[in-house]
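Visitor: Numbering (our numbering), first residue to last: 524 to 815. Even glycine gets a Cβ: it sits at the ideal position worked out from N, Cα and C. Just so you know, these numbers come straight off a predicted model, no measurement behind them. Sharing a structure below in structure tokens format, with a few things to ask.
Here it is in structure tokens:
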């Protein structure tokens, strides 16, 4: 399935960049479908999650990353902040620009784009992103090495992880209660960037629940992708000129329309489109109900 391949590719690229540098029951407070759990979060897990999950409301019209034409300036302004939200903002700018354009792993991308025609959609996306990141090229090798080590430390200690990455890390340690509570906390917060980041967590969670069953892999990927679709439907900037869409075009070659349109167009069967939209509707309704 094209969707499964490109969706996994986009997730794996994100994981690779970071490394280089259930649907559940209602008693969890999360959307429910056919996957059910019987465990309930412990008080210890609750305490842990409340300590490490910091949520901030970022909507399409408020996101400084989307508004900025100079991500280096935004990075410099926020990189040493004691405000967790600003520190994460600086890391997002770093993650967008450094791996793609000046990090050691950027050479292969530059070569591939150079070989493409000027009007090639992926090359156009590359130039759009490059324009926002151009001032990162001022780093000396020594500065880049120092800042790379610092940004890596911030991520590994959880200070700049997305809520979805925090939940995935908890899942990897075997603390399922805390992982699920982290996901619930994000949904309750209406932090749309956080909700979108749950895509990676639910992809790992559902795969783990089904022991890697290939027959269930396709539907599980749709359920995970529904978190991205729901965030877009709730107001996250996912249009053709959003950074998410530009990166998606750059790495997958899917460049027409916004993120939701691309996800739907990549699906082969009408039933798959219906499943994705039905799952995203469950998530949206759950978020709207909590808001009331």
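Are the CB atoms of residue 588 and residue 766 within a distance shorter than 8 Å?
Guide: yes
Visitor: Do you know whose CA, among 586, 763, 604 and 615, lies nearest residue 595's CA?
Guide: When only C-alpha atoms are compared, the closest one is 615.
Visitor: Given that a residue counts as buried once 16 or more other Cβ atoms are within 10 Å of its Cβ, and exposed if not, what is residue 673?
Guide: Counting Cβ neighbours within 10 Å, residue 673 comes out exposed, since fewer than 16 surround it.
Visitor: By Cβ distance below 7 Å, which residues in the same chain neighbour residue 586 in space, the five residues on each side in sequence not counted?
Guide: Cβ neighbours of residue 586 beyond the five flanking positions: 760.
Visitor: Could you tell me the alpha carbon to alpha carbon distance between residue 659 and residue 621, rounded to whole angstroms?
Guide: 7 Å
Visitor: Determine the direct distance from the alpha carbon of residue 689 to that of residue 568, and round the result to whole angstroms.
Guide: With a pLDDT of only 44 at residue 568, under 50, the local geometry of the prediction cannot be trusted, and the value read off the model is given with reservation. About 13 Å.
Visitor: Any idea what DSSP makes of residue 594, helix, strand or coil?
Guide: helix
Visitor: Cα-Cα, which of 592, 617, 745 and 635 is closest to residue 774?
Guide: Ranking the options by Cα distance to residue 774, first place goes to 635.
Visitor: For residue 671, which option in 625, 736, 790 and 647 has the closest C-alpha, if you only look at C-alpha atoms?
Guide: 625
Visitor: If you run the structure through DSSP and keep just helix, strand and coil, what is residue 713?
Guide: coil
Visitor: What is the DSSP secondary structure of residue 733, reduced to helix, strand or coil?
Guide: coil
Visitor: Throw me the rounded Cβ distance for the residue 710 and residue 718 pair, which I believe falls under 8 Å.
Guide: 6 Å
Visitor: Residue 801: beta carbon under 7 Å from a heavy atom of the ligand ATP?
Guide: The ligand content of the structure shown is nil, which means the ligand ATP is not present either.
Visitor: Rounded to whole angstroms, what's the CA-CA distance from residue 698 to residue 639? Just pull it up for me.
Guide: 46 Å
Visitor: Measure the alpha-carbon distance for residue 816 versus residue 752 and round it to whole angstroms.
Guide: Residue coverage of the chain in this structure runs from 524 to 815, which leaves residue 816 outside it and unanswerable.
Visitor: Cα separation between residue 799 and residue 746?
Guide: Distance between the alpha carbons of residue 799 and residue 746: 7 Å.
Visitor: When the distance is taken between beta carbons, is residue 750 closer than 8 Å to residue 785?
Guide: Not closer than 8 Å, so no.
Visitor: CB residue 705 to CB residue 686, shorter than 8 Å?
Guide: yes
Visitor: Could you give the distance in angstroms between the alpha-carbon of residue 796 and the alpha-carbon of residue 707?
Guide: 25 Å
Visitor: Using only alpha-carbon positions, find the residue among 604, 810 and 593 that is nearest to residue 651.
Guide: 593
Visitor: Exposed or buried, which one is residue 601 when buried takes at least 16 other CB atoms within 10 Å?
Guide: buried
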